[in-house]
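The structure under discussion appears below in the form of structure tokens.
Residue numbers (the numbering used here): 4 to 143.
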């Protein structure tokens, strides 16, 4: 075997060694990435939604003559005992009964309630909101 053949063999051996190093290094990097991703995904990530969550008080129907079983746990209430008939969707200028409005929530509606001293500007914005997204919305 001459010197040129010997150099070719040595270069081929070095190339094969470098390929192995790259494959082993790449495999280690890949496995480390998978492990890292698994750790990130497996950590319990708690996303706190805006607002406050209230316990569900159920969906018991009552009549006008029934006494309320107990106080609601939020104001305005978000669940609980209510009349069997829902209100018409829309904007109400006067205060409405909680027991009527809750039924609309049961049907997937949105109830936006404002205080009597709410400014006219806010009320106009709520009316604009209703005009744009009015399906299944009640504003009182």
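Note that CB positions come from ideal geometry on N, CA and C, so glycine has one too.
The beta carbon of residue 143 lies closer than 6 Å to those of 95, 99, 116 in the same chain, with the five residues before and after it left out.
Taking a contact as a CB-CB distance under 8 Å, the pair residue 110 and residue 88 does not count as one, their CB atoms being some 11 Å apart. Taken in chain order, the unbroken stretches of beta strand (DSSP E) that lie wholly in the segment 113–141 and span 3 residues or more are 113–115. With 16 or more other CB atoms across the displayed protein chains lying within 10 angstroms of its CB, residue 114 is buried.
For residue 106, the three-state secondary structure derived from DSSP is helix. In this structure the segment 75–84 lies against the segment 57–65, because at least three pairs of beta carbons, one per stretch, are closer than 8 Å. Measuring C-alpha to C-alpha distances from residue 108 to each of 119, 90, 27, 73 identifies 90 as the nearest.
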